[in-house]
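Trainee:
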Amino acid sequence: MKGFRGKVYITNYAKNRLSERRLNITTNRNKEVNVYKKMLEMIKRSRLIKYLKKEDGRTHEYREYAEGIFVCHREFSKDIFKPDLVTI
156 MKGFRGKVYI TNYAKNRLSE RRLNITTNRN KEVNVYKKML EMIKRSRLIK YLKKEDGRTH
216 EYREYAEGIF VCHREFSKDI FKPDLVTI
């Protein structure tokens with residue numbers, strides 16, 4: 156998903172799980188974790204395992220990164236000027 160351009164929505168459950176696992180999370184000077192930035196890096200570096208395409212055009216992608224598997228729910232926009240949406 157290196158060429159992805161769109162919006163990414165991260166659920167609270169995904170944020171909490173990432174913070175629990177602490178997968179190579181770097182902190183800034185205030186010792187706060189930037190979960191959004193880490194998730195974007197994970198999506199770009201992840202490997203696609205399997206995907207399921209629904210009848211209404213939605214796609215569920217199962218991706219693997221650093222021995223962890225996560226699910227991305229992708230909605231491709233039909234309008235060129237509207238960004239795609241990925242929910243993790």
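Counting in this note's numbering, the sequence shown runs from 156 upward without gaps. C-beta atoms are modelled at their ideal positions from N, C-alpha and C, and glycine is treated no differently. Fair warning: this is a prediction, and the values are worked out from it, not measured in the lab.
Under a Cβ-count criterion, where at least 16 other Cβ atoms within 10 Å of its own Cβ denotes burial, should L173 be classed as buried or exposed?
Mentor: So L173 counts as buried.
Trainee: Roughly how many whole angstroms lie between the Cα atoms of R202 and K193?
Mentor: 16 Å
Trainee: According to DSSP, is I198 part of a helix, a strand, or is it coil?
Mentor: helix
Trainee: Closest to M197 by C-alpha separation, out of Y206, C227, K205 and K209, would be which residue?
Mentor: C227
Trainee: DSSP beta-bridge partners for K162?
Mentor: DSSP lists L240 as partners of K162.
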